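Notes follow the structure.
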Amino acid sequence: MQFSSRPPPNIFMIYFIKTPAYETKPKNQDVFEYLTKLGKGLIDPPPLKPRQLKIAAEIVLYSPAKRVRDGFFTEQDTESVELSSLQEIPFDLKKLVQKQNWIKTQSPAVRQGFKKAFIENHLLKSREKIFEEIVDVLKLCLKAGPDKQIAVISHSFRLKLIEAFIKSNGQLQKHPKIIHNYIKDAEKTYKFGEGFSIPYKNLFGLLKNLDIEF
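Per our numbering, the sequence shown starts with residue 2, numbered consecutively.
Right, here's the structure in full:
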């Protein structure tokens, strides 16, 4: 698997990429209990295949989770930076959805519960802290320079909140219900190893318009 999208000359991009594949339905285990521990960050599963995702970028910012850290590889001259602010947003699955409802619908119920908890500020991390981390990540992307291709490797919900923040021009922070426009109950967030991208100049303009110093 390779994430390499070469833009035209002089267009420098920031690529936001979901973690490579990892175990989500372990055999001989209660999957709901497993996912509950995963959501709380109590377990740290490795990728299904080490070094399965090739990243063609000059700078990589990545989550310290094993499934990310051990799941990608780069060229030798790539600068890689591990960031705790790219860990998945922690949540208690049992507070997002009842087990019987999860058994019937699974991921759609989780996405619905996550959005509700985010809007009501009932996740295991406050919205204030989440937005602080989002801004920190975006500032680091800009500080990396306007003349480099940058990759950011993280997790489903973390990336969806970053995407919603960017595409709503920061309005997500004041109007959290906007998240419904970006996380759909019946749609996957991203496939493993995929995500979204934004030109460096667009991110520069966003933070400038929001009066965020970097």
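Using N, Cα and C, we set each Cβ at its ideal position, and we do this for glycine too.
For clarity, every value in this text was computed on a predicted model and none was experimentally measured.
Residue environment: LEU43 is assigned as exposed (fewer than 16 neighbouring CB atoms within 10 Å of its CB, all protein chains considered). Annotation: the region 34-80 contains the following complete segments of the beta strand (DSSP E) (minimum length 3 residues), in chain order: 54-56 and 60-63. For SER108, the enclosing alpha helix (DSSP H) begins and ends at 108-120. Per the DSSP secondary-structure output, LYS19 pairs in a beta bridge with SER155. Boundaries cannot be given for GLY146, as no beta strand (DSSP E) includes it and DSSP labels it neither H nor E.
Straight-line spacing of the CA atoms in GLY196 and GLN107 works out to 22 angstroms. Listed in chain order, the non-local C-beta contacts of ILE179 below 8 angstroms within the same chain comprise ALA165, SER169, GLN172 and LEU173, local neighbours out to five positions each way being set aside.
Cβ contact annotation for LYS149 (same chain, cutoff 7 angstroms, sequence separation greater than five): PHE13, GLU59 and ILE60, in chain order.
In terms of CA proximity to LEU39, THR25 leads the group LYS50, ILE131, PRO51 and THR25.
Residue pairing by DSSP places PHE197 opposite PHE17 in a beta bridge.
Ranked by how close their Cα comes to the Cα of LYS96, the residues LEU125, LEU87, LYS140 and ARG159 have LEU125 in first place. Boundaries cannot be given for LYS175, as no alpha helix (DSSP H) includes it and DSSP labels it neither H nor E.
The residue from PRO21, ILE135, ALA110 and ILE163 with its alpha-carbon nearest to that of LYS50 is PRO21. Here the alpha carbons of ASN182 and LYS41 stand approximately 25 angstroms from one another.
At a Cβ-Cβ threshold of 8 angstroms, ALA152 and TYR16 count as neighbours. Taking C-beta atoms as the reference points, ILE154 and PHE73 count as a pair closer than 8 angstroms. The Cβ-Cβ distance between SER64 and HIS156 falls below 8 angstroms.
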